[in-house]
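To start, the structure itself, in structure tokens.
Protein chains in written order, with the working numbering: chain R, 7 to 284; chain S, 1187 to 1506.
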């Protein structure tokens, strides 16, 4: 009886591992194919798609870099870094004001800020284009900085606020007794204590800003202001026949965020779990 | 899990009464107004760039508006009437619904089962590795994933047709994105590949929060693995399942990136979804009033879904 049971168990285990590893192959192989194609020549691409590159040279990567990817990358880095800083600070201020400072209409403000979570960016697209054209910000770096910040404040404030609410009141009292102002309490006491959630929100915002497409596509058009996702599609339409260069560009766009995910995995998972499942 | 939820239920009333009671001197009126400065940047940005456009959009949806000549004419509900008789609008709405349906099967039900399977692996190192590998497609952008699958579906150099003919299924090889019958499903399939790791990760976190005593009790009772999944795991992660369902549906009605990158709504508008049809109507066909009307439909659908989410979270709080 026992042996029969473990025999069935072994079969189930074999099936389970076949499935799990098979799925891993389905995930990894296309990515590997993308990386390998970045090393191939165009003619090789049309031969055997499973073959390894004949020579491993970096020419396609260099070509992609020189045909605009370096510009797209710089813009992406700039937009990502500035909008991350702006979003996280503005949200942390708001979360502090809403949880630790006695301000009027607290409840209404919470509703106003978190209510923004419900609104899909596409809904505001047409008026925003008109507005940014009027402001002279259309097709500038500022358009993306402002939009990425404004549209991510609700989510980021939601996460930081949920964390700050749980910090004990005694901390504020102690700081007050020591003569600290609200401003010092925020910078020196509360913000450092929120480090785990701040790291999570930074990672989540970087992933968002690096990958965002709708606003980037509608609000920018020249090489100087386009971010990587939009830049890749223009690379595709401009050099559509030189596929290996496009693959190289895709790899350049994907590597930083994949690295970021693996480095910050712990915080990232926590942030996601807190954000959605709390 | 119970204690975690319990503390949340307790702290609900707290945000409305911050340090006031405990501080010996009540802050003066001016000081309270100064406290406003903390939330002001967030409120201003949201008011100007999120809420104001939403209101403006409603107004625009009653206009006939040519952005290049600048002419705007009030046409009342005409854009909405046009919408109701536009076959592409209805097929776009249908495509969004199809997107939502398929995503619920794979990214909610499938992901839950997969997460349970992963969490049943004994070694932590393997569990972590599997979760991370499945997540990689969600870290790379939809643009990169979309372009990658554009090439995978490519009839001449693509992996998919090559694999099919390699295993003797030549009859199945086809231009996946180039024909109306398969294009939408091909885009949706890419989206499942890109997104299932994300929801699997979240379900895994939810499963880890289930007290292990419940599983031990189940195994003492001699309950099999599959029955245990339905009697222990599924009921105890049902809140996460509810939230994931709503997030998935909401996302499915906002799809834009992958369709734009892979097909731009073609061939013959067969892969248009609401957001791409909005984009095309406004920015390509210069009919911005009509685009604003489509935006109002997206707004209504996502609002209803968001209210459903609020209702679920509220009910959960009361339950605990």
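For every residue, glycine included, the Cβ atom is placed at its ideal position computed from N, Cα and C.
Reference residue i; option with closest CA among the options
i                      : options                           : result
residue 1297 (chain S) : S:1474, S:1352 and S:1430         : S:1430
residue 18 (chain R)   : S:1307, S:1359 and S:1402         : S:1307
residue 200 (chain R)  : R:98, R:20, R:43 and R:29         : R:98
residue 229 (chain R)  : R:241, R:100 and R:221            : R:241
residue 1451 (chain S) : S:1350, S:1400, S:1402 and S:1373 : S:1373
residue 1182 (chain S) : S:1371, S:1258 and S:1225         : Because chain S spans 1187 through 1506 in this model, residue 1182 (chain S) falls outside it and cannot be assessed.
residue 159 (chain R)  : R:101, R:147 and R:87             : R:101
residue 207 (chain R)  : R:250, R:238, R:161 and R:185     : R:161
residue 1352 (chain S) : R:235, R:55 and R:116             : R:55
residue 155 (chain R)  : R:95, R:244 and R:264             : R:95
residue 1239 (chain S) : R:191, R:131 and R:173            : R:131
residue 47 (chain R)   : R:176, R:188 and R:251            : R:251
residue 237 (chain R)  : S:1230, S:1299, S:1327 and S:1258 : S:1327
residue 1513 (chain S) : S:1476, S:1434 and S:1437         : It is not possible to answer for residue 1513 (chain S), since the shown part of chain S is limited to 1187 through 1506.
residue 1398 (chain S) : S:1414, S:1441 and S:1428         : S:1414
residue 1285 (chain S) : S:1444, S:1316 and S:1314         : S:1444
Closer than 9 angstroms to chain S by CB, residue i
i                     : result
residue 1 (chain R)   : The structure shown does not extend to residue 1 (chain R), since chain R is modelled only from 7 to 284, so the question has no answer here.
residue 148 (chain R) : no
residue 1 (chain R)   : Chain R is shown from 7 up to 284; residue 1 (chain R) falls before or after that span and cannot be answered.
residue 273 (chain R) : no
residue 45 (chain R)  : no
residue 283 (chain R) : Bear in mind that a pLDDT of 49 at residue 283 (chain R), under 50, signals an unreliable position, so the number given afterwards is only what the model happens to contain. Yes, residue 283 (chain R) counts as interfacial toward chain S.
residue 186 (chain R) : no
residue 32 (chain R)  : yes
residue 156 (chain R) : yes
residue 70 (chain R)  : no
residue 163 (chain R) : yes
residue 217 (chain R) : yes
residue 18 (chain R)  : yes
residue 103 (chain R) : yes
residue 144 (chain R) : no
residue 26 (chain R)  : yes
residue 126 (chain R) : yes
residue 80 (chain R)  : no
residue 118 (chain R) : yes
Chain R contact for residue i (CB, 9 angstroms cutoff)
i                      : result
residue 1481 (chain S) : yes
residue 1465 (chain S) : yes
residue 1498 (chain S) : no
residue 1209 (chain S) : Because the pLDDT at residue 1209 (chain S) is just 43, under 50, the model does not fix this residue reliably, and the value given afterwards should be weighed accordingly. Yes, residue 1209 (chain S) counts as interfacial toward chain R.
residue 1329 (chain S) : yes
residue 1253 (chain S) : yes
residue 1248 (chain S) : no
residue 1488 (chain S) : yes
residue 1306 (chain S) : yes
residue 1436 (chain S) : yes
residue 1442 (chain S) : yes
residue 1492 (chain S) : yes
residue 1468 (chain S) : yes
Chain-ordered neighbours of residue i on chain R, where CB pairs are closer than 7 angstroms
i                      : result
residue 1243 (chain S) : 129, 130, 132 and 133
Under 8 angstroms from the C-beta of residue i: neighbouring residues of chain S
i                     : result
residue 97 (chain R)  : 1228
residue 159 (chain R) : 1228, 1231 and 1232
residue 268 (chain R) : 1318
residue 220 (chain R) : 1442, 1443 and 1461
Chain-ordered chain S contacts of residue i [CB-CB under 9 angstroms]
i                     : result
residue 13 (chain R)  : In chain order: nothing, as chain S lies at least about 15 angstroms away.
residue 137 (chain R) : 1234, 1235, 1238, 1239 and 1242
7 angstroms Cβ cut-off: residues of chain S touching residue i
i                     : result
residue 40 (chain R)  : 1334
residue 122 (chain R) : 1232 and 1236
residue 199 (chain R) : In chain order: nothing, as chain S lies at least about 16 angstroms away.
Chain-ordered chain R contacts of residue i [CB-CB under 8 angstroms]
i                      : result
residue 1266 (chain S) : Here the premise fails: no neighbours, minimum Cβ distance about 15 angstroms.
residue 1260 (chain S) : The contacting residues do not exist; residue 1260 (chain S) stays about 16 angstroms from chain R at best.
residue 1362 (chain S) : Those do not exist, as residue 1362 (chain S) stays about 14 angstroms from chain R at its closest Cβ, beyond 8 angstroms.
Partners in chain R for residue i, counting only beta-carbon separations shorter than 9 angstroms
i                      : result
residue 1424 (chain S) : Chain R residues near residue 1424 (chain S): none, gap ~12 angstroms exceeds 9 angstroms.
residue 1345 (chain S) : 35, 36, 39, 55 and 56
residue 1218 (chain S) : 107, 108, 109 and 110
Check: residue i C-beta below 8 angstroms from any heavy atom of the ligand ZN
i                      : result
residue 1351 (chain S) : This structure simply doesn't include the ligand ZN, nor any ligand for that matter.
Short-range partners of chain S found in the stretch 224-242 of chain R, where Cβ spacing is below 9 angstroms: For the stretch 224-242 of chain R, which is checked against every Cβ of chain S, the residues closer than 9 angstroms are 224, 234, 235, 236, 238, 239 and 242.
For the stretch 1386-1398 of chain S, which residues have a CB atom closer than 8 angstroms to at least one CB atom of chain R, in sequence order? Residues passing the 8 angstroms Cβ filter: 1387, 1388, 1391 and 1392.
Using a Cβ-Cβ cut-off of less than 8 angstroms, give me the residues of the stretch 251-264 of chain R that come near chain S, in sequence order. Residues 252, 253, 256, 259, 260, 263 and 264.
Residues of the stretch 1445-1464 of chain S in Cβ contact with chain R at a cutoff of 9 angstroms, in chain order, please. Taking 9 angstroms as the Cβ-Cβ cut-off against chain R, the residues of the stretch 1445-1464 of chain S that qualify are 1446, 1447, 1460, 1461 and 1464.
Whole runs of the beta strand (DSSP E) within the stretch 87-149 of chain R, excluding any shorter than 3 residues: Listed in chain order, there is nothing to give.
Going residue by residue through the stretch 1344-1409 of chain S, where are the continuous beta strand (DSSP E) segments of at least 3 residues, counting only ones entirely within it? Complete beta strand (DSSP E) runs here, min 3: none at all.
In chain order, which continuous runs of the beta strand (DSSP E) of length 3 or greater are located wholly inside the stretch 1257-1297 of chain S? 1258-1260, all fully within the stretch 1257-1297 of chain S.
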